[in-house]
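Trainee: This is the structure I want to talk about, given as structure tokens.
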Amino acid sequence: MANVIAIANQKGGVGKTTTAINLAGALAEQGYRIVCVDMDAQANLTVGLGINLGTVQQSMADVLAESRATFQDVVIPTQTMGIDVAPSTLELASTEVELFTAIGREHALRGALQGWAQRHYDYVLIDCPPTLGLLTINGLVAANSVIIPVQTQYYALKGLTALVRVVAQIRAKGLNRDLRVLGLLPTFYDSRTILGREMLEELRELGDHHVFKSIIKQTIRLGEAPLAGRPVTAYAGGSEAARAFRELAREVIDLG
Numbered sequence: 043m044a045n046v047i048a049i050a051n052q053k054g055g056v057g058k059t060t061t062a063i064n065l066a067g068a069l070a071e072q073g074y075r076i077v078c079v080d081m082d083a084q085a086n087l088t089v090g091l092g093i094n095l096g097t098v099q100q101s102m103a104d105v106l107a108e109s110r111a112t113f114q115d116v117v118i119p120t121q122t123m124g125i126d127v128a129p130s131t132l133e134l135a136s137t138e139v140e141l142f143t144a145i146g147r148e149h150a151l152r153g154a155l156q157g158w159a160q161r162h163y164d165y166v167l168i169d170c171p172p173t174l175g176l177l178t179i180n181g182l183v184a185a186n187s188v189i190i191p192v193q194t195q196y197y198a199l200k201g202l203t204a205l206v207r208v209v210a211q212i213r214a215k216g217l218n219r220d221l222r223v224l225g226l227l228p229t230f231y232d233s234r235t236i237l238g239r240e241m242l243e244e245l246r247e248l249g250d251h252h253v254f255k256s257i258i259k260q261t262i263r264l265g266e267a268p269l270a271g272r273p274v275t276a277y278a279g280g281s282e283a284a285r286a287f288r289e290l291a292r293e294v295i296d297l298g
């Protein structure tokens, strides 16, 4: 059975897509079979894995809207061995509106992943949109756990409260009683600034949730990799960013 991990934070620009792509790359290096699920209509994950949106025939919008396609129908291989992607398109934005009137709307993604995806992959990584809307709820209901990227900047920690509350509500309402926060991931860390160091220390002192030892810094190679359509582990395997994501992958594997 696949380990399904949602990567979520309602704040934009914190590194959700970066985390999904590069964690997938590091896990694939270890021989695991990965599918990345793009639940954001901006489709940055799809493009960042080297997929030309003009070639996408079916997407997650077709899977979630009246089941026009199965999950297996939309999955396409990427240029990185071991990584497939269930792509997104702009159509996913209107699909979220359609879901509001659907029966079992919170379980649409979970249902789509049952069967083939669970048997075929070791890890399913869900890149959630920067909202706490129905697409993110679907990601959390489908997942075994959630990784929360947290930018080590002012105000970043304040956004944690709302997401953690939603996770608790999903458990309490019986939508996914087993959902757990796998950990908080410090992103875009700059050790040269006092603020960066203070925010990292504050994050570690929260105490409520595991904080990954891996720290993701904003580096040139990390910024270049999506333009090449590959994870940084494949694009610049000896870089600091690649090493950080390999460490993250080891932590994720150990946490189960």
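Using this note's numbering, read the sequence shown as starting at 43 and increasing by one per residue.
Cβ atoms here follow ideal geometry from the backbone N, Cα and C, with glycine treated the same way.
Owing to the predicted nature of the structure, the values given are computational and were not obtained by experimental measurement.
Can you tell me whether DSSP reads tyrosine 277 as helix, strand or coil?
Mentor: Here residue 277 refers to the residue found at position 235 when the sequence shown is read from its first residue. Three-state DSSP puts tyrosine 277 in a helix.
Trainee: What residue range is occupied by the uninterrupted beta strand (DSSP E) comprising phenylalanine 230?
Mentor: As a first step, residue 230 must be located in the sequence shown, where it is residue number 188. From DSSP, the beta strand (DSSP E) with phenylalanine 230 extends over 222-231.
Trainee: Does DSSP put valine 117 in a helix, a strand or coil?
Mentor: In the sequence shown, the residue the question calls residue 117 occupies position 75. It is coil, neither helix nor strand.
Trainee: Provide the residue(s) that pair with proline 191 in DSSP beta bridges, ordered along the chain.
Mentor: Here residue 191 corresponds to residue number 149 of the sequence shown, with the count starting at 1. According to DSSP, proline 191 bridges with Leu227.
Trainee: Taking DSSP as the reference, what is the three-state secondary structure of asparagine 45?
Mentor: By one-based count along the sequence shown, residue 45 stands at place 3. Looking at asparagine 45 - three-state DSSP - the assignment turns out to be strand.
Trainee: Are the beta-carbon atoms of isoleucine 63 and proline 191 separated by less than 8 Å?
Mentor: What you label residue 63 is simply residue 21 of the sequence shown in a count that begins at 1. What you label residue 191 is simply residue 149 of the sequence shown in a count that begins at 1. The answer is no: Cβ separation not under 8 Å.
Trainee: Please determine, among Glu138, Glu266 and Met123, the residue with the shortest C-alpha to C-alpha distance to alanine 283.
Mentor: Within the sequence shown, residue 283 is the residue found at index 241, counting from 1. Considering only alpha carbons, the answer is Glu266.
Trainee: Let me check understanding here. Comparing Cα to Cα, which of Gly55, Ile76 and Glu247 lies closest to valine 46?
Mentor: Reading the sequence shown from its first residue, position 4 is the one you call residue 46. Nearest of Gly55, Ile76 and Glu247 to valine 46, Cα basis: Ile76.
Trainee: Would you mind stating whether leucine 205 and asparagine 51 have Cβ atoms separated by less than 8 Å?
Mentor: Working through the sequence shown from its first residue, we reach residue 205 at position 163. Working through the sequence shown from its first residue, we reach residue 51 at position 9. Contact flag set, yes.
Trainee: Quick check on isoleucine 295: does DSSP put it in helix, strand or coil?
Mentor: As a position in the sequence shown, residue 295 is number 253, starting the count at 1. It is helical.
Trainee: By a C-beta neighbour count over all protein chains shown, 10 Å radius and 16 as the cutoff for buried, is tyrosine 163 buried or exposed?
Mentor: Sequence index remark: in the sequence shown, residue 163 carries index 121 (1-based). Counting Cβ neighbours within 10 Å, tyrosine 163 comes out buried, since at least 16 surround it.
Trainee: Helix, strand or coil for leucine 167? Go by DSSP, reduced to three states.
Mentor: As a working mapping, residue 167 is identified with position 125 in the sequence shown. In this structure, leucine 167 counts as strand in the three-state DSSP scheme.
Trainee: State the DSSP-derived secondary structure class of lysine 53, mapped to helix, strand or coil.
Mentor: Mapped onto the sequence shown, residue 53 falls at position 11. Coil, per DSSP.
Trainee: Tell me the rounded alpha-carbon separation between alanine 185 and leucine 221.
Mentor: In the sequence shown, counting from the first residue as 1, residue 185 sits at position 143. In the sequence shown, counting from the first residue as 1, residue 221 sits at position 179. Cα to Cα, the separation comes out at about 7 Å.
Trainee: State the CB to CB distance for the pair leucine 106 and leucine 132, rounded to an integer number of angstroms; the pair is presumed to be in contact (CB under 8 Å).
Mentor: Working through the sequence shown from its first residue, we reach residue 106 at position 64. Working through the sequence shown from its first residue, we reach residue 132 at position 90. Their Cβ separation, rounded to whole angstroms, is 14 Å, which puts leucine 106 and leucine 132 out of contact at 8 Å.
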